[in-house]
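Everything below concerns the one structure shown next.
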Ligand code: DAH
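In our numbering, the protein residues as written are 3 to 370.
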């Protein structure tokens, strides 16, 4: 190929040399002008400037070194200008960048829609837990957590469910296997409520206490549209001197207005929980009909939302074993517990609790 590109020189007079070099210059100029791509430029450089087989190397070894002594100077001068020309052509081609044709072929069409990347978003239950805890954080409550695998003592006994107490039957759960050799109070189970973290908190710190505790809980429960064997609660505990039922009502009334809007009303009904006395169920005016009565509130105008009450002296007695300041004669407190799924379903209009757990992006994407 190279021998085709440069003929052998038969004469070394000025005219013959001028013609031979002019032919190469013209050829190089034409090739450079026709360059349209980066690949083409690479090939041009290799063809003309390649160290081993490039045309300049060939010219140097055949025309220059092969020239008779008297013609060496004339060939050398012309070789130098040819080499300078090739370098200039290369520089110009490199500087010019791709031609319009190449640009058109390689360009990105910025009018096309982009590739959308999914960004993560808070799960609606996480969001609800955060919303609830921030309402209380704004009132000066701290936020705590406790273990999901709990002992019988914390989940039941110290919450005033003695062994064999019928209230235990309402909170059946999964228990860790092969623990029969341990004393009952040390046996492990999946906690049925976040209430045991009340005791873990009081054992760690003397009063006053204001804390909310979000967390996952487990019950032996048949799954249906509104029940799940795994769900989430937010527990609350407030202990100080002279805490009364009015404090409980005022705090929860404020929290419900912050969560559902200022027109929401609350009311309290007597209830029973082993760890509070008195105990109450709190209802809010139906957020769907404003209290007039609709299908969602079963025409009653009210929706039951949480359990609450004044901390039972028996619970304080357990706390006082580690922190004597929990003396029920000197301090008092209230507690409450609410289900996060129920609140999320109401706030976001979700009719099937199972949607929270299956990870269907068509559902979760609506909360992004
Ligand atoms: N632990 C109760 C449950 O899971 C909810 C509850 C009721 C929590 C009353 C409380 C309370 O702190 O005072 O059903």
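For glycine and all other residues, C-beta sits at the position ideal for the given N, C-alpha and C.
Model, not experiment: these values are computed from the prediction.
Residues bridged to residue i (per DSSP)
i           : result
residue 285 : 269 and 306
residue 240 : 212 and 336
residue 217 : 235
residue 1   : Residue 1 cannot be examined here, being either before or after the span of the chain that is shown, 3 to 370.
residue 121 : Per DSSP, none; premise fails for residue 121.
residue 275 : 278
residue 144 : 213
First through last residue of the alpha helix (DSSP H) which encompasses residue i
i           : result
residue 8   : Segment: none, residue 8 is in no alpha helix (DSSP H) and carries neither H nor E.
residue 248 : 247-262
residue 24  : 16-35
residue 364 : 363-366
residue 90  : 74-98
residue 205 : 198-206
residue 42  : 40-51
residue 172 : Where residue 172 is concerned, there is no enclosing alpha helix (DSSP H), given that its DSSP letter is neither H nor E.
residue 61  : 57-61
Per-residue DSSP class, three states only, for residue i
i           : result
residue 224 : coil
residue 126 : helix
residue 311 : strand
residue 325 : coil
residue 341 : strand
residue 358 : helix
residue 370 : coil
residue 3   : Any reading at residue 3 must be qualified, since the residue scores a pLDDT of 46, below 50, and its modelled position is unreliable; the value itself is stated next. It is coil, neither helix nor strand.
residue 318 : helix
residue 346 : helix
residue 1   : Only positions 3 to 370 of the chain appear in this structure, which leaves residue 1 out of reach.
residue 109 : coil
residue 163 : coil
residue 131 : helix
residue 186 : helix
residue 136 : helix
residue 64  : helix
Any non-hydrogen atom of the ligand DAH within 8 Å of residue i CB
i           : result
residue 219 : yes
residue 278 : yes
residue 308 : yes
residue 253 : no
residue 261 : no
residue 195 : yes
residue 358 : no
residue 285 : no
residue 131 : no
residue 230 : no
residue 146 : no
residue 122 : no
residue 2   : One cannot answer for residue 2 here, as it falls past the ends of the chain, which runs 3 to 370.
residue 369 : no
residue 191 : no
residue 237 : yes
residue 275 : yes
residue 302 : no
residue 292 : no
residue 181 : no
residue 281 : yes
residue 116 : no
residue 325 : no
residue 207 : no
residue 311 : yes
Near the ligand ADP: residue i beta-carbon under 8 Å from a heavy atom
i           : result
residue 234 : Of the ligands one can find in the structure shown, namely the ligand DAH, none is the ligand ADP.
Residue i - containing beta strand (DSSP E), residue span
i           : result
residue 190 : 190-192
residue 152 : 151-153
Contact between the region 147-160 and the region 184-199 (3+ Cβ pairs under 8 Å): Here the region 147-160 makes contact with the region 184-199; the two share three or more CB pairs at distances below 8 Å.
Stretch-stretch touch, CB-based, cutoff 8 Å, three pairs: the region 275-286 with the region 305-316: yes
Three-pair Cβ contact test at 8 Å for the region 345-360 versus the region 118-134: yes
Stretch-stretch touch, CB-based, cutoff 8 Å, three pairs: the region 219-230 with the region 250-257: no
Cβ contact check for the region 227-244 and the region 205-212: 3 or more pairs under 8 Å: The answer is yes - the region 205-212 touches the region 227-244, with three or more Cβ pairs under 8 Å.
The region 157-175 touching the region 114-124, judged by at least three CB pairs closer than 8 Å: Here the region 157-175 makes no contact with the region 114-124; the two share fewer than three CB pairs at distances below 8 Å.
Touching by the beta-carbon criterion (3+ pairs, under 8 Å), the region 319-338 and the region 291-301: Not touching, per the Cβ criterion.
Contact between the region 318-329 and the region 198-209 (3+ Cβ pairs under 8 Å): yes
Segment contact, 8 Å Cβ cut-off, at least three pairs: the region 11-29 with the region 59-70: Yes, they touch.
Given 8 Å, three or more beta-carbon pairs between the region 178-189 and the region 136-145: no
The region 69-77 / the region 33-40 touching (three or more Cβ pairs under 8 Å): Result no; under three Cβ-Cβ pairs closer than 8 Å.
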